[in-house]
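> Let me begin by handing over the structure; questions about it come next.
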Amino acid sequence: MSNEIIDKLSSALKSAEGKLSSASSESDIESVRIELLGRNGLVPALSKDMKNVPPEQRAETGRAFNEAKEKLQKLLDEAKERLGPSSVSGAITDVTEPGRRWKIGKKHPITLVIDDCVAIFRRMGFIVAEGPEIDTVYNNFDALNTASDHPSRDPQDTFYFGDGRLLRTQTSPVQIRVMKSQEPPVRIVAPGRCFRRDTPDATHSMNFHQIEGLYIDKGVSMADLKSILLAFGREFFGPGVGIRLRPHFFPFTEPSVECDFSCVMCGGKGCRVCKNSGWLEISGAGMVDPNVMKAVGYDPEIWSGYAFGMGIERLAMIRYRINDIRLLYDNDKRFLSQFN
Ligand code: DAH
C-alpha cells in the first residue's frame with residue numbers, strides 16, 4: 002500500500018542521500034538536516050498531515066516515518082564520519098592540556114639481578130650463552146659426569162618427560178651445549194630458569210634462576226676462579242666483601258668448592274640472615290672435571306678451566322632483604338613496584 006506521505010518521505014530520502022554524498026562541509030550536512038528534520042522541516046510538516054491519513058493506513062505510514070527518520074540519521078552520521086574529525090565543529094583540541102602520564106613498568110627484581118650479574122661478568126670478558134629450559138637427560142646429567150645413582154636424578158627431585166628429556170635442574174647443561182658447539186677457549190655466563198620438584202616454602206620454589214659461568218683455556222688455575230668470584234662479589238655486594246672457599250662435591254668439577262661471601266648484613270659479625278656464621282653461601286664452583294672435557298671432545302691434557310653456578314633468587318633476596326622467595330612469584334604490584 003502506498004500514499005502521498007510515504008511517497009514524499011521516500012523521495013525526500015533519495016534527494017537527501019544525493020546531497021549528503023556530495024556534501025563537502027559540516028554546514029552542507031547541517032542544512033540537509035534542517036531541511037528535513039528541523040522544526041520547520043519536511044518531516045515534521047508531513048507528520049502534521051497524519052490526521053488526514055485513513056485509519057487503515059495509519060500504522061504503515063507511522064512505520065514509514067520511523068524508518069525514514071532512522072535512515073536519515075544514519076546518512077547524516079555517515080556523512081559526518083566521512084568528513085573526518087577536523088570538520089566536526091565543537092571537537093576542539095586543547096593543546097594546553099597536560100599530557101597523559103604513561104605508567105611505565107619496572108623490571109622484576111630477578112631481571113634486575115640477572116642484568117647486573119651479566120653486566121659485571123661482561124666487563125670481565127664473559128659473553129652470554131643460552132640454553133633451553135627443556136633439555137636432555139644427557140646434557141643435564143650424563144655429560145656432566147653425574148653418576149647414575151646420584152640423588153639429584155631422582156624423579157622425586159626432577160621433572161622428567163619420559164622421552165629422554167627433562168626440565169633442566171640447573172644451568173650447567175649450557176656448559177655442555179657451548180663446549181659441544183665450539184672449540185676452546187670458552188668464556189661464557191648463562192643465566193636462566195631451572196626447575197626442581199621442591200615443595201615451595203620461604204626459600205624453595207619449583208622454578209628458580211641460576212647464572213652459570215664457564216672458563217676454559219690453557220693453564221687455568223683455582224687462583225683464577227677465586228679471583229673472579231671475589232671480583233664479582235666486590236662489584237655486586239660492595240668493595241668490603243670477603244670470600245671463602247669450602248671443599249664440596251659436584252660431579253662436574255674436581256676439586257669442587259662452595260663459595261661463601263662475608264655477610265653483607267652484619268659485616269661478618271653474625272646475624273639472623275647468616276645464621277650467626279658471618280658467611281653467606283652464594284655459589285657452587287670448581288675446576289672442570291676431565292670427564293666433562295672428554296664428554297665434549299676437549300683434551301683435558303691441553304685444556305683446563307673453572308665453572309661456577311649461583312642462585313639468582315638468593316642474590317636478589319640478600320640484596321633486597323626479601324625474606325620469602327614466594328614474594329618474587331606472586332606478581333603483586335605493590336611488592337614489585339619497590340624495585341628499580
Ligand atoms: N649446578 C650446581 C647446582 O645447581 C651449581 C654449580 C656448582 C655449578 C659447581 C657449577 C659448578 O658450574 O662448577 O647446584
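Numbering-wise (my numbering), the sequence shown opens with residue 2 and increments by one. Built from N, CA and C at the ideal position, the CB exists for glycine as well.
Strictly by DSSP, which residues pair up with M311?
Here residue 311 is taken as the residue at index 310 of the sequence shown, counted from 1. In the DSSP output, where bridge partners are listed per residue, M311 has I212, S284.
> Out of curiosity, what's the CA-to-CA distance linking V274 and A317?
The residue labelled residue 274 in the question sits at position 273 within the sequence shown. The residue labelled residue 317 in the question sits at position 316 within the sequence shown. One C-alpha to the other measures close to 13 Å.
> Any heavy atom of the ligand DAH inside 7 Å of the beta-carbon of T137?
Working through the sequence shown from its first residue, we reach residue 137 at position 136. Not under cutoff, so the answer is no.
> Provide the residue(s) that pair with H249 in DSSP beta bridges, ordered along the chain.
Counting from one through the sequence shown, the residue named residue 249 turns up at place 248. Per DSSP, S257.
> Under a three-way DSSP split, which group does T137 fall into?
Along the sequence shown, one-based indexing puts residue 137 at 136. It is a strand residue.
> Taking the CB atoms as reference points, tell me whether Q211 and I313 lie closer together than 8 Å.
The count along the sequence shown starts at 1 and reaches residue 211 at position 210. The count along the sequence shown starts at 1 and reaches residue 313 at position 312. A contact, by the Cβ cut-off of 8 Å.
> Classify S88 as helix, strand or coil using the three-state DSSP reduction.
Indexing the sequence shown from 1 puts residue 88 at position 87. Interpretation of S88 is limited by its pLDDT of 49, a score under 50 that renders its predicted location unreliable; no figure is taken from the coordinates.
> Nearest to I128 by alpha carbon, out of K9, L230, V179, K81?
Residue numbering aside, residue 128 sits at position 127 when the sequence shown is read from its first letter. The candidate whose alpha carbon is nearest that of I128 is V179.
> Just checking, does the stretch 210 to 225 make contact with the stretch 179 to 189 on the three C-beta pairs under 8 Å criterion?
Counting Cβ pairs under 8 Å, three or more are found: they touch.
> Apart from the five residues just before and just after H249, which ones in its own chain have a Cβ nearer than 6 Å to its Cβ?
On the sequence shown, residue 249 is found 248 positions in, with the first residue counted as 1. Here the set comprises S257, V258, E259.
> Within the present structure, is the beta-carbon of S278 separated from the nearest heavy atom of the ligand DAH by less than 7 Å?
The residue given as residue 278 occupies position 277 in the sequence shown. No - the ligand DAH has no heavy atom lying nearer than 7 Å to the Cβ of S278.
> Comparing C-alpha positions only, which one of I283, K108, V289 sits nearest to D225?
The residue given as residue 225 occupies position 224 in the sequence shown. Closest option to D225, Cα to Cα, is V289.
> Does the beta-carbon distance from L38 to L73 come in below 8 Å?
Within the sequence shown, residue 38 is the residue found at index 37, counting from 1. Within the sequence shown, residue 73 is the residue found at index 72, counting from 1. Going by C-beta atoms, L38 is nearer than 8 Å to L73.
> Pick helix, strand or coil for A232, following the three-state DSSP scheme.
Taking the first residue of the sequence shown as 1, we reach residue 232 at position 231. Note: A232 maps to helix in three-state DSSP.
> Between the stretch 198 to 208 and the stretch 324 to 341, can you find at least three pairs of beta-carbon atoms closer than 8 Å?
Cβ pair count under 8 Å is three or more, so yes.
> P55 lies in the alpha helix (DSSP H); which residues open and close that run?
Numbered from its first residue, the sequence shown carries residue 55 at position 54. Counting along the chain, P55 falls outside any alpha helix (DSSP H), and DSSP gives it neither H nor E.
> Going by alpha carbons, who is nearest to A130 out of I177, S12, V138, T112?
Working through the sequence shown from its first residue, we reach residue 130 at position 129. Out of I177, S12, V138, T112, I177 has the C-alpha closest to the C-alpha of A130.
> Quick test of the definition: if touching needs 3 or more C-beta pairs under 8 Å, does the stretch 111 to 125 touch the stretch 225 to 239?
Taking 8 Å as the limit for Cβ pairs, the verdict is that the stretch 225 to 239 does touch the stretch 111 to 125.
> Any chance you could list the beta strand (DSSP E) runs of at least 3 consecutive residues sitting entirely within the stretch 94 to 160, in chain order?
If we require 3 residues or more, the beta strand (DSSP E) runs fully inside the stretch 94 to 160 come out as 135 to 137.
> Would you mind giving the Cβ-Cβ distance between P285 and F262, rounded to the nearest angstrom? I have them listed as a contact below 8 Å.
Position 284 of the sequence shown, counted from the first residue, corresponds to residue 285. Position 261 of the sequence shown, counted from the first residue, corresponds to residue 262. The displayed chain sequence assigns Gly, not Pro, to residue 285. The Cβ separation is near 13 Å, so there is no contact.
> Taking the alpha helix (DSSP H) that I7 belongs to, which residues open and close that run?
In the sequence shown, the residue the question calls residue 7 occupies position 6. I7 -> alpha helix (DSSP H) spans 5 to 22.
> Just reading off the beta strand (DSSP E) that R188 is part of, what are its end residues?
Position 187 of the sequence shown, counted from the first residue, corresponds to residue 188. Run containing R188: 187 to 196, per the beta strand (DSSP E) assignment.
> Take every Cβ of the stretch 24 to 38, pair it with every Cβ of the stretch 48 to 61, and state whether three or more of those distances are shorter than 8 Å.
As far as the Cβ criterion goes, the stretch 24 to 38 does not touch the stretch 48 to 61, which means the pair count is below three.
> Please name the residue, chosen from G220, P174, G298, A148, that lies closest to G193 on a Cα-to-Cα basis.
Sequence index remark: in the sequence shown, residue 193 carries index 192 (1-based). Of the listed residues, the one whose Cα sits closest to G193 is P174.
> Taking the DSSP output, what are the residues bridged to S342?
Here the chain covers residues 2 to 341 and nothing more, so residue 342 does not appear.
> Could you work out which residue in S222, A120, K20 is closest to Y1 when comparing CA atoms only?
Here the chain has residues from 2 to 341 only, and residue 1 is not among them.
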